Structures are given as structure tokens and as C-alpha cells.
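Whatever position you read off the sequence shown (first residue = 1), add 633 for my numbering.
A virtual CB, placed ideally from N, CA and C, is assigned to each residue, including glycine.
Bear in mind the structure is a predicted one, so any value in this text is a computation, not a measurement.
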Amino acid sequence: MRRESTRVVCGFGHQFETSVYRSANVTRAPELRQAIVSGQFNLTICPVCANESYADVPFLYHDTETSLRVWVYPDRNRHAREEILAKIRRAAVIVNTVLPTDRSGPELIFGLDELRDLIA
Ligand SMILES: [Zn+2]
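Rendered as C-alpha cells:
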């Protein structure tokens, strides 16, 4: 699964570049589902203080077996729910021309805890 470089900030305020997953197709990569459940998903280690923290970036969780396709946004974006929904729906209109449109479950959730509840 492809990873993307992004800038993150550790719990002590150090900024660094790291690579994170922006999508997780757990049908093709079941280990990513395992990583989410066990708290290892998008875990970063600060090069300055070695502090481990979750890289809180939006990603698309996709399980083709259960047709679950849900965006997981950071908890801090919860207040912007309507804007984010509008954005992902606009993007879906484009994507749906090449991907199957069948899906189940919510379109958008916030934080890994909600995702864990959903897939547990
Ligand atoms: Zn640090």
C-alpha cells in the first residue's frame, strides 16, 4: 500500500517529515487492519526525542469484503463535519466513475477509536 510523506508534530512540539498511509485497503493488506486494532497504524517516532505518536492525518479505510469505505479524519476536525462531508462527496463523484459505488456503513468518522468500534 502506498505511503505519502507528510509533516507531523510530536507531543513535545518537534516537527519532522515522515511517511504515512493515506488509504488502507484491508482486503489487500490485512496487516493494516491489525495495525489499526493494535494501535500501530501510522505510528511515528520523533527523530529528536523518540516520542511515539499517532500521525493524525485523514485516511480512507476500505474493506472490499464488507463494502465498508469510510474516511477517518482527526478528532480535532469534528467541528468541520459538514465541510468535510461535502468535500469527500465531491471527490466521490469523480472516483465513482472508475470504482464500484456499493458501500456500507458511515462515510465519515473521527479518530481511530471510532474506527476500532466500527471494525471490532
Ligand atoms: Zn519530539
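Practice problem: Please classify Gln667: does DSSP put it in a helix, a strand, or coil? | Solution: helix
Quiz item: Count the other CB atoms within 10 Å of the CB of Cys682; is the residue buried (16 or more) or exposed (fewer)?
Solution: exposed
Practice problem: Buried or exposed for Ile742, please, with buried defined as at least 16 other CB atoms from any protein chain shown within 10 angstroms of its CB. | Solution: buried
Quiz item: Under the criterion of a Cβ to heavy atom distance below 7 Å, does Phe674 qualify as lining ligand 1?
Solution: no
Quiz item: How would you write the range of the beta strand (DSSP E) that Glu747 sits in, first residue to last?
Solution: Per DSSP, Glu747 belongs to no beta strand (DSSP E); it is in the alpha helix (DSSP H), 745-752.
Exercise. State the DSSP-derived secondary structure class of Arg711, mapped to helix, strand or coil.
Key: helix
Practice problem: Give the straight-line distance between the Cα atoms of Leu751 and Val659, rounded to the nearest whole angstrom. | Solution: 14 Å
Practice problem: Between the Cα of Gly744 and those of Pro691, Ser638, Arg666, Glu637, spot the shortest distance and give me the residue it belongs to. | Solution: Pro691
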